[in-house]
Amino acid sequence: MTRAWPCLIGVLIAAQAAAEPPPRIIIEARPVPAGENLIVNPSFEDGAGEWPDGWAFTVNQPTKVVRFWADQACTGERSAGVRSEAGNASGYWAQDVAVHPDTDYLLTARVQIEDGKVLVRAFGRNAAGEFLKSFDRRAYDRRRGTHIMAPVFWQPEWIVDMVREPWAPVNLLLHTDPDVATIQVQVGSYFEPGTMYIDDVYLGPATLTLDYVVEADGIACVRIYDQAGALLARHARTQLPIVAGSLEGLPPGGRYRFEATSLAGDVTEVWYPEPPEGVQP
Ligand SMILES: [Ca+2]
Numbered sequence: 043m044t045r046a047w048p049c050l051i052g053v054l055i056a057a058q059a060a061a062e063p064p065p066r067i068i069i070e071a072r073p074v075p076a077g078e079n080l081i082v083n084p085s086f087e088d089g090a091g092e093w094p095d096g097w098a099f100t101v102n103q104p105t106k107v108v109r110f111w112a113d114q115a116c117t118g119e120r121s122a123g124v125r126s127e128a129g130n131a132s133g134y135w136a137q138d139v140a141v142h143p144d145t146d147y148l149l150t151a152r153v154q155i156e157d158g159k160v161l162v163r164a165f166g167r168n169a170a171g172e173f174l175k176s177f178d179r180r181a182y183d184r185r186r187g188t189h190i191m192a193p194v195f196w197q198p199e200w201i202v203d204m205v206r207e208p209w210a211p212v213n214l215l216l217h218t219d220p221d222v223a224t225i226q227v228q229v230g231s232y233f234e235p236g237t238m239y240i241d242d243v244y245l246g247p248a249t250l251t252l253d254y255v256v257e258a259d260g261i262a263c264v265r266i267y268d269q270a271g272a273l274l275a276r277h278a279r280t281q282l283p284i285v286a287g288s289l290e291g292l293p294p295g296g297r298y299r300f301e302a303t304s305l306a307g308d309v310t311e312v313w314y315p316e317p318p319e320g321v322q323p
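For the sequence shown, my numbering begins at 43 and goes up steadily by one.
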């Protein structure tokens, strides 16, 4: 009977080891402007009277959504404001920008939301000036001032900077279709009452920064590859439970494979943003 105890303890240890979760990989992607900003008057500083230069305002119910050239700012002294009083109304600051077809772009704006929901939109036109329903790229964000840490429409990887600053970036990475000649940039209030302020709009080239954290009970190895299988980064064996790093300057259209092995031999593999076609996630 006394010999059963070591066996029992051995089983318990084995069960505990088997119950160790596989490595956990957390990836946070941040698009970074990396070239000329194609937006005119992106900070809403220039203009006269009631209008900032270079910007129009499009609205479906003018009596329920108003625009104003605000005296508060993320940078400079002015921004573009929108105040909506109805859930069936929308209004966007808008600007037409010539773009190249079949090209990656980042559209981003800093937005301070008191309430309501912001839409950041790239609406394509062809060379004849006709809107292309096939090219309508959007990102939404809704945050209440009192619940700034409770995003609704943000993808998890966009949250990093938002909790640290009220003027959070709202990012839209897009790849233009062959028929797109111009983009109408629209930023504004999307069918929800509230007030928001928009500043520092950017449309232009971008790179991607991937911040990552790997958690495990001891890490044997972390490797990061591009889609072609080239090794981009490697972390060696460590007893530490966390390995963190950052990859900067990546092309935004790429796919990246993260592979982590725990000291117990468990392997976790994650693709960002998603696996290539035909590859099981
Ligand atoms: Ca400004």
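Yeah, the Cβ is synthetic: ideal placement off N, Cα and C, and Gly gets one too.
Return the first residue and the last residue of the beta strand (DSSP E) that residue i is part of.
| i | result |
| --- | --- |
| Arg66 | 66 to 75 |
| Leu148 | 146 to 155 |
| Cys263 | 261 to 268 |
| Ser231 | 224 to 232 |
| Arg179 | 173 to 184 |
| Ile240 | 236 to 246 |
| Ser126 | 121 to 126 |
| Asn213 | 210 to 217 |
| Trp111 | 107 to 112 |
| Val101 | 98 to 101 |
| Gly291 | 284 to 292 |
| His277 | 273 to 277 |
| Phe3 | Coverage of the chain is limited to positions 43 through 323, which leaves residue 3 absent and any answer about it impossible. |
| Ser132 | 132 to 140 |
| Pro304 | Checking the sequence shown, residue 304 turns out to be Ser, not Pro. Run containing Ser304: 298 to 304, per the beta strand (DSSP E) assignment. |
Would residue i and residue j be called neighbours here (beta carbons separated by less than 7 Å)?
| i | j | result |
| --- | --- | --- |
| Leu292 | Thr249 | yes |
| Pro73 | Leu148 | yes |
| Val82 | Ala151 | no |
| Arg179 | Ala169 | no |
| Tyr298 | Asp268 | yes |
| Leu252 | Leu305 | no |
| Pro64 | Thr310 | yes |
| Thr280 | Ile261 | yes |
| Arg125 | Val108 | yes |
Determine the closest residue to residue i out of the options, with distance taken between C-alpha atoms.
| i | options | result |
| --- | --- | --- |
| Thr303 | Glu257, Ala275, Ser288 | Glu257 |
| Gln14 | Val229, Leu215, Ala128, Thr150 | Residue numbering for the chain in the displayed model covers 43 to 323; residue 14 lies beyond these limits and cannot be assessed. |
| Asp144 | Trp111, Pro94, Ser85, Val222 | Val222 |
| Thr218 | Ala270, Asp308, Thr117, Arg167 | Arg167 |
| Ala98 | Trp135, Gln154, Ile284 | Trp135 |
| Arg120 | Pro104, Glu92, Val108 | Glu92 |
| Phe86 | Gly96, Gly129, Ala278, Gly236 | Gly96 |
| Val227 | Pro235, Glu234, Asp242 | Asp242 |
| Ala272 | Cys263, Glu319, Phe300 | Phe300 |
| Ala181 | Leu174, Leu216, Phe173 | Leu216 |
| Ala115 | Ile240, Gly133, Glu78 | Ile240 |
Contact defined as beta carbons within less than 8 Å: I believe residue i pairs with residue j. What is the distance between those atoms, to the nearest angstrom?
| i | j | result |
| --- | --- | --- |
| Pro247 | Ala131 | Between Ala131 and Pro247 the Cβ distance is about 34 Å, and since that is not below 8 Å, they are no contact. |
| Val255 | Ile68 | 5 Å |
| Gly129 | Glu234 | 6 Å |
| Leu245 | Val139 | 6 Å |
Under the criterion of a Cβ to heavy atom distance below 6 Å, does residue i qualify as lining ligand 3?
| i | result |
| --- | --- |
| Ala90 | Of the ligands one can find in the structure shown, namely ligand 1, none is ligand 3. |
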